[in-house]
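Protein chains in written order, with the numbering used here: chain A, 1 to 334; chain B, 1 to 822. Take a look at the structure set out below.
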C-alpha cells in the first residue's frame, strides 16, 4: 500500500527521467530498447532512493506497521531526528533536514521577528493612546483604517516593489544582499538591512491597523471594568490607572499573544518570502510542499509543534509570575 | 619627431594589446538567482541585470522587453508542444472502440486522430495563443533542426497537406463517428444513448492551458462533450502515464517536450513517440503501428540502413506514416526569448538558448556602436534558482541554472556549433574516422577525415574494460583472446597546446586528467570498486554495449585511438565522442581534485552522486560550499601527506606532478574557499550560496585569442525576397523568377548554402513540382519554370515556395508567392 501521493510521485519520476534520458545527447545513438531499459533502471533506482518501494503504512501485521514509512516518520518526529530530505538541499549542499532548516531559520527570524516586534509594540502603544481618547478623530480614523489589514503583506509588498524599486529605484526588488555581496561584514549587514526595508514595510502595513484596532478594543473593554471605574472614582491618576489597573491584569493575554506571534514569525511567511526572494523558512515550506518533500514538511511541522509546546509550558510559569491571581502549587481558589 | 615616435610605439603597443586579448572578452560575470521572470525583467529595466539567461515565454513580460529602449532579445527553439492521444484499443481488429468502462474512444481510430491535424489551426495557436513566441510544428521532427532541412521538400509537402482545413476535419470525423455507431442528435454526439464525452487533461503551467481550452472548444463545436481536467504535471502524470489506457482515465493530454541541444539525428523520434518500444509505461504499451510501418520506424531507430540516401527514403516514409498514425498531433515549437541589454552580445544556442549555450563564455562581450567587441567590463546575469543541488563534476548538479556558470569554467576539447549542432574542435587538431563500409556516415567539416574500410580490428593491447579489484585496465587481448572488431575507429590528434594549458589553480593539464575521466567512468559502475555507485551502473552497462576499446598511441603529442560500434550520421559527432577530456558530465575537474573526492567517498564520508549519498546516509559532495568542504580539505591534507595517486597502477606513470598539484589545490582553497578548479575562460572567484550569487572572473592564463569563436556570434538565417515575380503565369511560357537571398542586407555566400529549392503547389495544396534554383550572382538565384512545366499547371491559384537550406545554421528559410494561372 503506497498511497495516492506515492503513485503521483512514481508517475512524476517516470515522466522526468524519460524526458531527461530522451533529451540527453549522450544517449542519442542508443536504440529505443536500450533507452527504455536505461529509463526503467533509472526509475527503479530513484523509486528505491526515495523509499517508495516500501509501503507508506501497513496494518496487516505489527511487523509491517513498524516497518512502514509512516511509522518511521512518527518516530523520527518524536525523537527530533529529522533525517534527510528527499529532494531539497540546503544552499550549501546538505540534505540533512536539520541543517536545511538551520540555514533558513536565521533569515526568517531576522525578518519576521523584527517585523512582528515592530507591529506588536507599535500597535500596543498606539492602542493604549487611542483607548484613552475613545471617540477622538484619531480613534475613528484607526477604526476606518482597520480593513486595510485584510490585504496580506505580500500584496503590499508587490505595490511597494513597484513604487520603491521599479519606479523610484530607491530600494532593491528583493533578495538578501546586493549583487555582488559586499565583502566587508558591516557593509554586508547594512546591505541586508536595506533589503529588509520593503518586506518589513509590507508586513508592517498589513499588520498594524488590525493590531491597533484589536488592542484598542481590548483595552477599552478592560477600561470599563468595575474595579477600573472604582479606581478612577477614587482619583487614581491616569498613568497609574493605565499601568496598574489596565495593563497589569491584561499582561497574561499580551504575553500569550506576544509569544505566539514570535513562534509564528519563526515559521516565516510563505508568499511574502517568495515575493521578496527571501531565503527563509516560508519559501522552504513552499518548495517542500510543491515537491512532496515529506521529511522537510514533517521537520518544519515538528519544530513548530515543539516550539508551541515549550512556549505554552513557559507561559504557564510566566503567568504565575506576572498575575497574582494565579498560584503555583496546591492553593485553592477563594 | 620623438613625439611621433612615441605615438607610433604606443599605437603598436595598443595594437598588440588588443590583438593579445585571450580567453574571455569581459573581466567579470556575476550570476544571481531571480526566479520570478517578471521581476527579472523589471530588474533589467532598472539596470540591475544585463542578461536574463532563462527563457521568457510570457507575452506580457515580452511586451515589457520590447517596450524598453535598453533591451533586445534572441530566440531559441528547444521546447515543443503536442496533443497526446489515448489510442486504446488501437489494434484495428479490436472492436468496439470502447474503454473498459464502456466509454467510446473516438481517438482509437487513426483517421480521427489524423483529422485533428486539419481541425487545429496552428497559425492561430502560434499567433494568438503564443503571441508569436512559437512557430507551427506539424511533424515529429523539429523544424529548426538539421533533419528538417534534409527533408525540407517532404516536410513542406506534408505541411501543405495537413494545413488547417476544418471542413475536411469535420467530414472525416463525422464519417468515422458514424462508423463507430455514434449518432448526432441536435448537434451532439451520442453513443449507446449517452453523450460522447472526451476527457481532456490540460496542463496549466504555461500556454498549454490556452491550447487545451482552444482544442476543447473545437471539439465541442463538433458535438463532443468535453470534460476539461486542469492540473500541473504532478496532478496529471499518474493518469496519463501510469494508468492503464483501457481504464479510460483520459482521451487527450496536452504534452510538452524539451531539448537543450540541437539533435542532428531525429530518426529515433518515430520509434520513441509512436511504438511500444518507446517507453515501458502503460500508455506506450497501447500503441499500435502496422508491421511495415514498424519496420521503417525500427530501422531508423537502430540505424539499420547503409546509405544516407536510404535513410532519406525511410525518413520520408516515416513522416507520412507518423502523420497518418497521429497518436500525437504536433502543435508548436516554442520560441521563447532571452533578453539582453543593448551593447551586450553572445552566441545563443538555437535549442538551448542562453543557458544551454556552450559558447556563451567565449563570446559574451560588450560591443561598441559598430558592434565591435570591447575588452573588459562586468556582466550581471539573472537566472533561475541556483545551487538547488551541490556542485561536483562527476555527478553533481544537473540544473540548467547551474550548468551555465559551470560550463563557463571548463574547456571541452570539442564544442557543439550553436547553430547546427556540428562538433567543432577546441583542442583537437584533427581526427581520422574509419567507418566500416556500408554504414551511413557523412562529414561536413575539414577537421575530420572520413574513410570507409572493410573491417576494423581492435588491437590486442587496446584497453576495453576495467578490473576494479586489480585497479587495472583489461586489454582486448585479455578479454577477447579470439580478437575483436569494431564498426568505427577514430584516431584523435589532440592539439599540442592541450598539454601546456593551465588549470585555474596553476597546475598543467596532463594525460592523467583524461585518463582519470576514463577510469572513473568504469570504476564507479563496477561492484568490486571502493567507490561503486549503483546509479552509475546502468549508464556504464549501456555504454559498454558499444565501446570497443581505446589506446594511447602517442603521449606528446597526444594521439589516441578509440573503437566503438556506436554510429552517428556525422563523422564530426563520432570524433567528438571519441575525443575524451577532463570535462565530466557535470563540469570540469583535474585529476587531483577528483582524487580527494574519491578518498572521501571511499571513506563513506561523502558521495559524488545523490543516490549513493542517500544510500550511505552522508552528504552529496559539493566542491563549492557546505559541510563537505571540510571533508574534502581533510582528504586533501591526507593526499598531501601520502602523496596520494589514485589508480596508481595506471595513473602513476602520468601523474608525476602530484605533490605540486596538491599544493596548488591547497593554495587555491585557502585563497578562494572552494575546490572548484576548471580550465575554462572563467574561474570561480566567489560563491554566496545563501544570497544565491556567484562571481566568475576572467582566467588570464587561457591560451586562445578572445576572438576565436566570434564567428558564431549570430545565426545566419537567410532572408528571401522575390524580385519582379509575375502576377499571372501564362501556361506554356517559360518564366525566370529571380530571388534574392541575403543576410542583414548582404548577399548570402553561395558556398554557405546547401541548396535553394522551389516547390509548386496547386490551389488544393498538392505538390505539383519540385526543383532547384540556379545561382545567378550576387544575392540572386533564379527559379526557372520551363514551358513544359507551366503548360501542365492547372488553372487557378498556384503557390510557389522557395526554400533555402544553409550549411551554417540549421534553421531553413522559406517564402512563397502566388500566381494566377488563367
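Just so you know, even glycine gets a beta-carbon here, dropped at the ideal spot from N, CA and C. No experiment lies behind these values; they were computed from the predicted model shown.
Distance from residue 278 (chain A) to residue 176 (chain A) at the Cβ level is roughly 7 angstroms; contact confirmed, criterion being Cβ atoms closer than 8 angstroms. By the neighbour-count definition (other C-beta atoms within 10 Å, threshold 16), residue 239 (chain A) is an exposed residue.
Against residue 545 (chain B), the close residues of chain A are 34, in the order they occur along the chain (beta-carbon pairs closer than 7 angstroms).
The beta carbon of residue 244 (chain B) sits closer than 6 angstroms to those of 282, all from its chain and outside the five residues before and after it, given in chain order. For residue 735 (chain B), the closest of B:146, B:803 and B:723 by C-alpha to C-alpha distance is B:723.
No Cβ of chain A is located within less than 7 angstroms of the beta carbon of residue 273 (chain B). Here the alpha carbons of residue 756 (chain B) and residue 730 (chain B) stand approximately 24 angstroms from one another. Under DSSP, residue 84 (chain A) shares a beta bridge with A:96. Taking a 10 Å sphere around the C-beta of residue 170 (chain A), we find fewer than 16 other C-beta atoms and assign the residue as exposed. Taking C-alpha positions only, residue 118 (chain A) is separated from residue 208 (chain A) by approximately 9 angstroms.
Taking a 10 Å sphere around the C-beta of residue 182 (chain B), we find 16 or more other C-beta atoms and assign the residue as buried. The Cβ-Cβ distance between residue 721 (chain B) and residue 701 (chain B) does not fall below 7 angstroms.
In this structure, the beta-carbon distance from residue 350 (chain B) to residue 144 (chain B) falls below 7 angstroms. In the DSSP assignment, residue 26 (chain B) forms no beta bridge with any residue. Sequence-distant partners of residue 300 (chain B) (beyond 5 residues in either direction) whose C-beta falls short of 8 angstroms from its own C-beta, in its chain, are 267, 268, 270, 271, 311, 314, 315 and 318.
For the segment 198-239 of chain A, the full-length alpha helix (DSSP H) segments reaching 4 residues or more read 226-233 along the chain. The straight-line gap separating the alpha-carbon atoms of residue 386 (chain B) and residue 296 (chain A) is approximately 20 angstroms. Excluding residues up to 5 positions away in sequence, 279 and 280 lie with their Cβ nearer than 6 angstroms to the Cβ of residue 107 (chain A) in the same chain.
The continuous stretches of beta strand (DSSP E) do not include residue 278 (chain B), and DSSP gives it neither H nor E. With respect to the 7 angstroms criterion, residue 99 (chain B) and residue 105 (chain B) are classified as neighbours on the basis of their beta carbons. Listed in chain order, the non-local C-beta contacts of residue 560 (chain B) below 7 angstroms within the same chain comprise 492, 550, 551, 552 and 553, local neighbours out to five positions each way being set aside.
In this model, residue 198 (chain B) and residue 231 (chain B) are separated by some 16 angstroms (Cα to Cα). Residue-level contact by beta carbon fails for residue 308 (chain B) and chain A, as no gap is shorter than 7 angstroms. Nearest CB-CB separation between residue 241 (chain B) and chain A: below the 7 angstroms threshold. Residue 188 (chain B): member of the beta strand (DSSP E) spanning 188-191, first to last residue. With respect to the 7 angstroms criterion, residue 129 (chain B) and residue 210 (chain B) are classified as neighbours on the basis of their beta carbons. Residue 466 (chain B) has B:473 as its beta-bridge partners, per DSSP. Taking the C-beta atoms as reference points, residue 382 (chain B) is found no nearer than 7 angstroms to residue 363 (chain B). Cβ proximity to chain A below 8 angstroms picks out 257, 258, 259, 260 and 261 from the segment 244-262 of chain B. Within chain A, the C-beta atoms nearer than 7 angstroms to that of residue 238 (chain B) come from 7, 8 and 11, in chain order.
Distances from the alpha-carbon of residue 557 (chain B) to those of B:498, B:518 and B:795 put B:498 closest.
By the neighbour-count definition (other C-beta atoms within 10 Å, threshold 16), residue 511 (chain B) is a buried residue. For residue 65 (chain A), there is no enclosing beta strand (DSSP E); the residue is part of the alpha helix (DSSP H) that begins and ends at 62-66. Excluding sequence positions up to five before and after residue 213 (chain B), its CB lies less than 6 angstroms from no other CB in the same chain. The contact set of residue 176 (chain A) on chain B, defined by CB atoms closer than 7 angstroms, consists of 690 and 691 in chain order.
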